[in-house]
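In our numbering, the protein residues as written are 578 to 720.
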């Protein structure tokens, strides 16, 4: 009789565990706020500082200028011209310079002569984007 009770208890425990996993997997998270192309064009230009809430590191500061230039500022204060940007849908398309192309080729990191930076959200105080179309994690900047 004891083995039957033990077997039944194990079945109930396993069923309960599977149901808990299914509920966790199927829960609905709040949808992420996404900016429109018009909102991106309105707010993207400026100097941005990498937030402590960023999922990944990059340049401590970015300068996205109205003249179309895209620069990173290193922690020592040196500004590095990365290329020219344009808004392409809800992405920034950054055309690399010859120097950034050569550095990328040397590190075997070059895929194209440009980078796509999908913009998730931007307003007058916050910029959230990723470093590529298939890259996980969020770059978070503030002004």
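Don't be surprised by glycine CBs; every beta carbon is placed ideally from N, CA and C.
Since this is a predicted model, take the numbers as computed values, not measurements.
Where DSSP assigns a beta bridge to residue i, which residues make up the other side?
{"i": "residue 645", "result": "According to DSSP, which records beta bridges pairwise, residue 645 is partnered with nothing at all."}
{"i": "residue 624", "result": "640"}
{"i": "residue 661", "result": "646 and 672"}
{"i": "residue 706", "result": "696 and 716"}
{"i": "residue 633", "result": "For residue 633, which the question treats as bridged, DSSP gives no partner whatsoever."}
{"i": "residue 656", "result": "650"}
Along the chain, where does the beta strand (DSSP E) that runs through residue i open and close?
{"i": "residue 609", "result": "Segment: none, residue 609 is in no beta strand (DSSP E) and carries neither H nor E."}
{"i": "residue 672", "result": "668-673"}
{"i": "residue 719", "result": "716-719"}
Following the continuous alpha helix (DSSP H) through residue i, name the residue where it begins and the one where it ends.
{"i": "residue 618", "result": "614-620"}
Would you kindly work out how many angstroms separate the C-alpha atoms of residue i and residue j, rounded to a whole number?
{"i": "residue 667", "j": "residue 674", "result": "22 Å"}
{"i": "residue 622", "j": "residue 707", "result": "17 Å"}
{"i": "residue 634", "j": "residue 590", "result": "42 Å"}
{"i": "residue 619", "j": "residue 714", "result": "24 Å"}
{"i": "residue 687", "j": "residue 702", "result": "Confidence at residue 687 is low in this model, with a pLDDT of 49, below 50, so its placement is unreliable and the value that follows should be read with caution. If you take the alpha carbons of residue 687 and residue 702, they lie about 31 Å apart."}
{"i": "residue 669", "j": "residue 695", "result": "6 Å"}
So, does the region 606-620 touch the region 642-656, judging by three or more C-beta pairs under 8 Å?
Two segments are said to touch when three or more pairs of C-beta atoms, one from each, lie closer than 8 Å; by this definition the region 606-620 does not touch the region 642-656.
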